[in-house]
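Worksheet for the structure shown next.
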């Protein structure tokens, strides 16, 4: 019996009063320690699905149960069994997110980018947070860039910083929204390497990606999203080598030359 | 037109100019402070997303409404509406009218304290001036601030929120620092405008620089020389103001340059190297 970390039920996201159905009823379970890669054609709802998990997109319908709490609701049951107002920020800090365009804070140094949230949200000691940040930066080979500003870094370096910035909050799950799509080809490797190490350390990850090699090798499960539906899911081996859905077959024949 | 003797006569009343200068500076300083606070509140009101009738979005069967009065009512944000009306009214009417309304109508029957600030600024005239100027510049500044906040990439907010920051913390630490840096030139412009427009307060008897000019005119029957002196004083106030703000703009631009900062950055880098060795 595996622990389910995030349980998604009947997730729907409509735009323009239902004219656009970005997500059209998705059911999925994300277990602790899973490394899930989400693939599919563009416009298929991959990013919307990922962004719904931490409610950056508010779903039109459906529920997202994170650690047993339905975070789409306004209220939650606290430890004493009382209904209290749901503190979304508390849940969000346990879900790290990495964006396609890095979204580092340009007015803060790398060190401040990393320590701001732990200090302000968690009330962590500033010195302690900086020590932790430097240690994390060393781990991704950027120990000497802590005092630099984001503009002074290359794309690959920025994305590595974005990953460790999210790790500063000690999340239980990391969400990656096409982390390598905005990078020059020669910088993709360094970011994937960091993600691979993270996966090996046992972090639960959900990765929306176009890197089929990464999806095959690193993930333990693969979701195929198309037209707002979870059309197929399975191990990478099942999905890539033995696709059942004709849409997936079609998609793979286009991306895997 | 100008004579040396005229300037000499005007300079005899230099204390009037000195008092006027202090009054103008105080007037502008209070206006900047209150105007800026008001502007910040107005800008946040306009950008707020509070729809008390949002429950009308769905009809009794639970379907989303797509048109009609109730649909529009469901999207109605009274807070933003109030702020918009305020801004539009204050931008569309003359400052002179606003000052007269504040002084002769709104505050006419209020017993304002009549003491003199620094022994010369008449408080019961000064306060209506500050209120009217602040309300006026607040309207203009709020539009500048709103534009500044909207110019910040939405990804910044998403990153901040995904790190668990509240909307308040996001505004305070991420959006506003970047927005204010971007709009500093426009803010400088508005501050300079406030100093210049404070001259209008002489019409309600605030004894600032322009009121000194009229007093001296009455005493010496000369107008050109006092006006030239007033012009010089105003210039000496506004020019440094814009320069000071330009300095802050440069200082806040730490994240703008690829070649890094100056001495401060080098010091930080040295401190970092030391800490890395210790760890």
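Chains as they are written, first to last, in our numbering: chain C, 1 to 257; chain L, 258 to 536.
Here a beta-carbon is modelled for each residue, glycine too, at the ideal position from N, C-alpha and C.
Subject >> Amino acids of chain C, ordered along the chain, whose beta-carbon sits closer than 9 Å to that of residue 431 (chain L) >> reply: 105, 107, 108, 116
Original post:
Would you say residue 281 (chain C) faces chain L, with C-beta separation under 8 Å as the test?
Top reply: It is not possible to answer for residue 281 (chain C), since the shown part of chain C is limited to 1 through 257.
**OP:** Locate the beta strand (DSSP E) running through residue 24 (chain C), then write down its first and last residues.
**Re:** Taken as a continuous stretch (DSSP letters only), the beta strand (DSSP E) holding residue 24 (chain C) covers 20-31.
Original post:
Quick one: what's residue 75 (chain C) bridged to in DSSP?
Top reply: C:85
Original post:
For residue 292 (chain L) versus residue 465 (chain L), is the C-beta distance shorter than 8 Å?
Top reply: No, the Cβ-Cβ distance between residue 292 (chain L) and residue 465 (chain L) is not below 8 Å.
Original post:
For residue 52 (chain C), which option in C:14, C:106, C:212 has the closest C-alpha, if you only look at C-alpha atoms?
Top reply: Looking at C:14, C:106, C:212, the one whose alpha-carbon comes closest to that of residue 52 (chain C) is C:14.
Subject >> Beta-ladder partner(s) of residue 174 (chain C), from DSSP >> reply: C:96, C:205
Subject >> Exposed unless 16 or more other CB atoms sit within 10 angstroms - verdict on residue 40 (chain C) >> reply: buried
Original post:
For a contact meaning CB atoms closer than 8 Å, what does residue 292 (chain L) contact in chain C?
Top reply: In chain order: nothing, as chain C lies at least about 25 Å away.
Original post:
For residue 362 (chain L), is the classification buried or exposed, using 16 other Cβ atoms within 10 angstroms of its Cβ as the cut-off for buried?
Top reply: Taking a 10 Å sphere around the C-beta of residue 362 (chain L), we find fewer than 16 other C-beta atoms and assign the residue as exposed.
Subject >> Contact list for the region 396-428 of chain L against chain C, Cβ threshold 7 Å >> reply: Flagged, chain order: 412, 413, 415, 416, 418, 419, 420, 421, 422, 423, 426.
Original post:
Do residue 136 (chain C) and residue 95 (chain C) have their C-beta atoms closer together than 8 Å?
Top reply: no
Original post:
Quick check: the region 243-251 of chain C against the region 420-438 of chain L, are there 3 or more CB pairs under 8 Å?
Top reply: no
Original post:
Do residue 382 (chain L) and residue 463 (chain L) have their C-beta atoms within less than 8 Å of each other?
Top reply: yes
**OP:** Buried or exposed for residue 201 (chain C), please, with buried defined as at least 16 other CB atoms from any protein chain shown within 10 angstroms of its CB.
**Re:** exposed
Original post:
Pairing CB atoms from the region 118-128 of chain C with CB atoms from the region 102-110 of chain C, are three or more of them under 8 Å?
Top reply: no
Original post:
DSSP three-state call for residue 280 (chain L): helix, strand or coil?
Top reply: Collapsing the DSSP output to three states places residue 280 (chain L) in a helix.
Original post:
Is it the case that the Cβ atoms of residue 444 (chain L) and residue 406 (chain L) are separated by a distance below 8 Å?
Top reply: no
Subject >> Test item: CB-CB of residue 454 (chain L) and residue 397 (chain L) under 8 Å >> reply: no
Subject >> Environment of residue 504 (chain L) [buried if 16+ CB atoms lie within 10 Å] >> reply: exposed
Subject >> the region 403-422 of chain L contacting the region 484-499 of chain L, beta-carbon criterion three pairs below 8 Å >> reply: no
Subject >> residue 38 (chain C): contacting residues in chain L (beta-carbon distance under 9 Å) >> reply: Going along chain L, no residue has its Cβ under 9 Å from residue 38 (chain C), so there is no contact; the nearest lies around 17 Å.
Original post:
Going by other Cβ atoms of all chains shown within 10 Å of its Cβ, with 16 needed for buried, is residue 399 (chain L) buried or exposed?
Top reply: The residue in question, residue 399 (chain L), is buried, as its Cβ has 16 or more Cβ neighbours within 10 Å.
**OP:** Starting from the C-beta of residue 119 (chain C), find all residues in its chain whose C-beta is less than 6 Å away, skip the five residues before and the five after it, and write them out in chain order.
**Re:** 126, 129
Subject >> Span of the alpha helix (DSSP H), counted from its first residue to its last, around residue 48 (chain C) >> reply: From DSSP, the alpha helix (DSSP H) with residue 48 (chain C) extends over 46-53.
**OP:** Spell out whether any CB of chain L is found under 8 Å from the CB atom of residue 254 (chain C).
**Re:** The beta-carbon of residue 254 (chain C) is placed no less than 8 Å from the nearest beta-carbon of chain L.
**OP:** Determine the chain L residues that contact residue 93 (chain C) at a beta-carbon separation under 8 Å, and present them in chain order.
**Re:** 420, 421
Subject >> Amino acids of chain L, ordered along the chain, whose beta-carbon sits closer than 8 Å to that of residue 264 (chain C) >> reply: Because residue 264 (chain C) is not part of the residues shown, which for chain C are 1 to 257, the question remains open.
**OP:** Report the residues of the region 41-67 of chain C with a CB closer than 7 Å to any CB of chain L, ordered along the chain.
**Re:** 54, 56
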